[in-house]
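Written out below as structure tokens is the structure these notes cover.
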Amino acid sequence: MTAPQVLAGRGLTFQYQGAQSPLFSDLDIHVQRGEIIAVLGPSGVGKSSLLRVLGGLQAPARGEVTLDGEPLLAPHPRVAIAFQDPSLLPWLTLEKNVAFGLDFKRQPRRDKAERAALVDEALREVGLSDFRRAYPSELSGGMSQRAALARCLARRPEVLLLDEPFGALDEVTRREMQALLLQIVADYDTAALLITHDIDEALAVADRIVLLGGAPASAIGQWDVRVAQPRADAIEELGQMRIEILQALRGAVRRPRKDIQTCALTASLAVAC
Amino acid sequence: MTAATQVVSSALGSATSRSLDAGLKRAALGSLGVGLLFVGWWLVTDYSAAQGSFLARFSLARTMSALAGLLADSSFWNHVGVSLQRVAVGLGLATLVGAPLGVAVGLSKTLEAATTPAFQLLRMISPLSWMPIAVMAFGVGDRPVYFLLAFAAVWPIVLNTAAGVRGLDRRYLQLASSLAATRWETVRRVVAPGIVAHVLTGVRLSIGVSWIILVPCEMLGVTAGLGYFILDARDRLAYPELMATIIVIGALGYMLDGAARGLQNRWARQN
Numbered sequence: 001m002t003a004p005q006v007l008a009g010r011g012l013t014f015q016y017q018g019a020q021s022p023l024f025s026d027l028d029i030h031v032q033r034g035e036i037i038a039v040l041g042p043s044g045v046g047k048s049s050l051l052r053v054l055g056g057l058q059a060p061a062r063g064e065v066t067l068d069g070e071p072l073l074a075p076h077p078r079v080a081i082a083f084q085d086p087s088l089l090p091w092l093t094l095e096k097n098v099a100f101g102l103d104f105k106r107q108p109r110r111d112k113a114e115r116a117a118l119v120d121e122a123l124r125e126v127g128l129s130d131f132r133r134a135y136p137s138e139l140s141g142g143m144s145q146r147a148a149l150a151r152c153l154a155r156r157p158e159v160l161l162l163d164e165p166f167g168a169l170d171e172v173t174r175r176e177m178q179a180l181l182l183q184i185v186a187d188y189d190t191a192a193l194l195i196t197h198d199i200d201e202a203l204a205v206a207d208r209i210v211l212l213g214g215a216p217a218s219a220i221g222q223w224d225v226r227v228a229q230p231r232a233d234a235i236e237e238l239g240q241m242r243i244e245i246l247q248a249l250r251g252a253v254r255r256p257r258k259d260i261q262t263c264a265l266t267a268s269l270a271v272a273c
Numbered sequence: 274m275t276a277a278t279q280v281v282s283s284a285l286g287s288a289t290s291r292s293l294d295a296g297l298k299r300a301a302l303g304s305l306g307v308g309l310l311f312v313g314w315w316l317v318t319d320y321s322a323a324q325g326s327f328l329a330r331f332s333l334a335r336t337m338s339a340l341a342g343l344l345a346d347s348s349f350w351n352h353v354g355v356s357l358q359r360v361a362v363g364l365g366l367a368t369l370v371g372a373p374l375g376v377a378v379g380l381s382k383t384l385e386a387a388t389t390p391a392f393q394l395l396r397m398i399s400p401l402s403w404m405p406i407a408v409m410a411f412g413v414g415d416r417p418v419y420f421l422l423a424f425a426a427v428w429p430i431v432l433n434t435a436a437g438v439r440g441l442d443r444r445y446l447q448l449a450s451s452l453a454a455t456r457w458e459t460v461r462r463v464v465a466p467g468i469v470a471h472v473l474t475g476v477r478l479s480i481g482v483s484w485i486i487l488v489p490c491e492m493l494g495v496t497a498g499l500g501y502f503i504l505d506a507r508d509r510l511a512y513p514e515l516m517a518t519i520i521v522i523g524a525l526g527y528m529l530d531g532a533a534r535g536l537q538n539r540w541a542r543q544n
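Residue numbers (the numbering used here), protein chains in the order written: chain A, 1 to 273; chain B, 274 to 544.
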């Protein structure tokens, strides 16, 4: 690929305060425009921490994160983060939740009409235009997660960081959300980095899969998924890759056996794409 | 209507009527309790007390007729208005000082560690102990009363607000920082609306405290208010009026608490 790296982390090492050893070390990762990277790995390997470091929410012990070549030291208006929990503010309507943060001082200056137009478009993109006056308590899990995505989109980010945002959803809703993510990346030409522990989810959406493993964690494998969307028909080709990823996961994870089995189980329970 | 929606709405309907039944039962039991209180009063002052005895001065029957008289008298309503206004001013001052202070204490662990023992110490001193100092500092009149009421009402607000800030969902704070919010934006847009329920709890407790200490506060150097009226009734030997005022104080306090509770529930329902 020749597209420039939008967000890049080089030599990233992260250690919790008071921890004996780093969670991950010397990690290189980058994401380009129009590309979805899935970061896979067993629970506790440091995927979410990596996302927090890439998003500027936490500082790495060593290494640096750059956005279009410029060092990124704090959360940036052009980088949007969607968490596993939609984190909608219960006292705001859906519309106001999506608009939340657009008028913050560190965001680009936009007048009221511009902000309203961005919110309208984001709501349309995720299919929630009819629910703009609803409160979060009135929304289903899938709708809440759509709203959280709309909040990211309203800011027209160049990079979308997604921390297992579909993890808590049922299978059908998760499929819908994956399709929506693909559509968003295509429509907005965004760079997206998706943290997931579900191999099938990674295979369904990602252009590139990065596998984290070991302690301290590092990238123990990388796969380019050169299968066109929709991938429902490419079961055979993806199936082979799935076996490779599972084997790599089993071979390199220095975790108790129980954890590896849980991870493999998650993958085998999910319906093949 | 489809069968499914019919089932849902009839289930909702019976749930509503069930909660209505439970509410009615509660209200009936509550009224019975208040009724028994009055029966007890009547037994002591009307039924068993001898004519012209000390207890008979506080007779329920005479109190009720005095109450009817007072309620028809505009000057009595003036006393009620003055008392309510004092509570409102005291509570307003307490909220203005207490809520921001509570936010600061909730946000800063250092400030919390530095202030907790001092606050607990001040909180345990009866506000009435400050009365002589308040009069010396603010003179005679409304101002020392405002001060004492605010001083009594501020602690529940500070402590509840601080607890609200500490209990604030960390995900909301994480969201704010992911959106590159400044500290002030986080406080104004996430912390403040996120702790309203806690502040309302504090305000409700403060209303109770203020109302309780209002009467003794009004027994000093003021010329209007329910506390003043009680002393005035005593001086005029108008015991039925004194008792009627006590009933009014209880009823008003109950209503104030109910209003605060209503406000709290409304906020909770909305979220």
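C-beta atoms are modelled at their ideal positions from N, C-alpha and C, and glycine is treated no differently. Everything numeric in this text was worked out from a predicted model, so none of it was measured.
From the options, residue whose alpha carbon lies closest to that of residue i
i	options	result
PRO86 of chain A	A:GLN17, A:GLY11, A:PRO230 and A:PRO136	A:PRO136
MET516 of chain B	B:SER338, B:ARG456 and B:ARG439	B:SER338
GLY371 of chain B	B:ALA410, B:THR474, B:ARG299 and B:VAL418	B:THR474
GLN32 of chain A	A:PHE100, A:ALA8 and A:PRO216	A:ALA8
LEU182 of chain A	A:GLN15, A:PHE100, A:ILE37 and A:THR13	A:ILE37
ALA74 of chain A	B:PHE420, B:ALA449 and B:GLY535	B:ALA449
ILE612 of chain B	B:GLY440, B:LEU493 and B:GLY308	The requested residue 612 of chain B does not occur in the structure, where chain B is confined to residues 274 to 544.
GLN107 of chain A	B:ILE520, B:ALA453 and B:ILE522	B:ALA453
ASP200 of chain A	A:VAL98, A:VAL225, A:GLY221 and A:ILE220	A:VAL225
GLY141 of chain A	A:ARG174, A:GLU158, A:ARG115 and A:LYS112	A:ARG174
GLY526 of chain B	B:VAL360, B:ASP415, B:ALA541 and B:ALA387	B:VAL360
PRO489 of chain B	B:ARG462, B:ILE503 and B:LYS298	B:ILE503
ARG78 of chain A	A:GLU121, A:VAL6 and A:ALA148	A:VAL6
ARG416 of chain B	B:GLN393, B:LEU366 and B:VAL460	B:LEU366
Buried or exposed (CB count within 10 angstroms, at least 16 for buried), residue i
i	result
GLY223 of chain A	A quick correction: the sequence has Trp, not Gly, at residue 223 of chain A. With 16 or more other Cβ atoms within 10 Å, it is buried.
THR389 of chain B	exposed
ALA518 of chain B	The residue you asked about is not Ala; residue 518 of chain B is Thr in the sequence shown. Buried, since its Cβ has 16 or more Cβ neighbours within 10 Å.
ALA267 of chain A	Caution applies to ALA267 of chain A, whose pLDDT of 41 falls short of 50 and renders its modelled position unreliable; the value that the coordinates give is listed next. Result: buried.
MET1 of chain A	The predicted model places MET1 of chain A with a pLDDT of 44, which falls under 50 and marks its position as unreliable, so this point remains unresolved.
GLN240 of chain A	exposed
SER321 of chain B	exposed
SER399 of chain B	exposed
GLY379 of chain B	buried
GLY531 of chain B	exposed
THR278 of chain B	The predicted model places THR278 of chain B with a pLDDT of 49, which falls under 50 and marks its position as unreliable; any figure quoted below should be read in that light. THR278 of chain B should be labelled exposed.
ALA423 of chain B	buried
ALA391 of chain B	exposed
THR383 of chain B	exposed
MET409 of chain B	exposed
ALA569 of chain B	There is no way to answer for residue 569 of chain B, as the model of chain B reaches only from 274 to 544.
ALA100 of chain A	Reading the sequence as shown, one finds Phe at residue 100 of chain A and not Ala. It counts as buried.
Residues near residue i by beta carbon distance below 7 Å, same chain, minus five either side
i	result
HIS76 of chain A	GLY56 and LEU67
ALA334 of chain B	ASP319
ARG10 of chain A	ASP28, GLY63 and GLU64
HIS471 of chain B	ASN433, THR434, ALA436 and GLY437
ALA425 of chain B	PRO400, VAL482, SER483 and ILE486
GLY279 of chain A	Since the first residue of chain A shown is 1 and the last is 273, residue 279 of chain A is not available in this structure.
ARG507 of chain B	LEU515
Residue i Cβ short of 6 Å to the ligand HEM heavy atom set
i	result
VAL227 of chain A	By its list of ligands, the structure shown contains no ligand whatsoever, and the ligand HEM lies outside what it can speak to.
Close-in-space but distant-in-sequence residues of the same chain around residue i (CB under 6 Å, 5 per side omitted)
i	result
THR336 of chain B	PRO513, MET516 and ALA517
SER402 of chain B	none
TRP428 of chain B	ARG396
PHE362 of chain B	It is worth fixing the name first, because residue 362 of chain B is Val in this sequence and not Phe. Contacts found: TYR419.
SER451 of chain B	none
ARG146 of chain A	VAL126 and LEU128
GLY375 of chain B	VAL431, THR434 and ALA435
ALA497 of chain B	HIS352 and VAL355
LEU51 of chain A	LEU161, ASP163 and ILE195
Sequence-distant residues of its chain with Cβ nearer than 8 Å to residue i (five each side left out)
i	result
ARG110 of chain A	LEU102, ASP103 and LEU118
MET528 of chain B	none
HIS197 of chain A	LEU40, GLY41, PRO42, SER43, LYS47, GLU164, GLY167, CYS263 and THR266
SER218 of chain A	PHE24, SER25, ASP26, LEU27 and LEU212
SER144 of chain A	PRO86, LEU88 and PRO136
Partner residues on chain E for residue i, Cβ-Cβ distance less than 9 Å
i	result
ARG539 of chain B	Absent from the structure: chain E. Protein chains present are A and B.
Counting pairs of beta carbons, one from the segment 54-64 of chain A and one from the segment 212-231 of chain A, are three or more of them closer than 8 Å?
no
Using a Cβ-Cβ cutoff of 8 Å, what residues of the segment 93-118 of chain A are near chain B? List them in chain order.
Residues of the segment 93-118 of chain A that bring their beta carbon within less than 8 Å of a beta carbon in chain B comprise PHE100, GLY101, PHE104, LYS105, ARG106 and GLN107, in sequence order.
Would the segment 200-210 of chain A and the segment 149-157 of chain A be scored as touching if the rule is three or more Cβ pairs under 8 Å?
no
What residues from the segment 193-214 of chain A come within 8 Å of chain B, judged by C-beta to C-beta, listed N to C?
none
To be precise: take each residue of the segment 449-468 of chain B, compare its Cβ to all Cβ atoms of chain A, and keep it if any distance is under 9 Å. Which residues remain?
Within the segment 449-468 of chain B, the residues whose Cβ lies closer than 9 Å to some Cβ of chain A are ALA449, SER450, SER451, LEU452, ALA453, ALA454, THR455, TRP457, GLU458, ARG462, VAL463, PRO466 and GLY467, listed in chain order.
Counting beta carbon pairs with one atom in the segment 89-106 of chain A and one in the segment 126-145 of chain A, are three or more of them shorter than 8 Å?
yes
Short of 8 Å Cβ to Cβ, which residues in the segment 36-55 of chain A face chain B?
GLY55
At a cut of 8 Å, does the segment 186-197 of chain A reach the segment 211-221 of chain A through at least three beta carbon pairs?
no
Under 9 Å, CB to CB, which of the residues in the segment 11-26 of chain A have a partner in chain B?
none
Would you say the segment 175-189 of chain A touches the segment 10-26 of chain A, given that touching needs at least three Cβ pairs under 8 Å?
no
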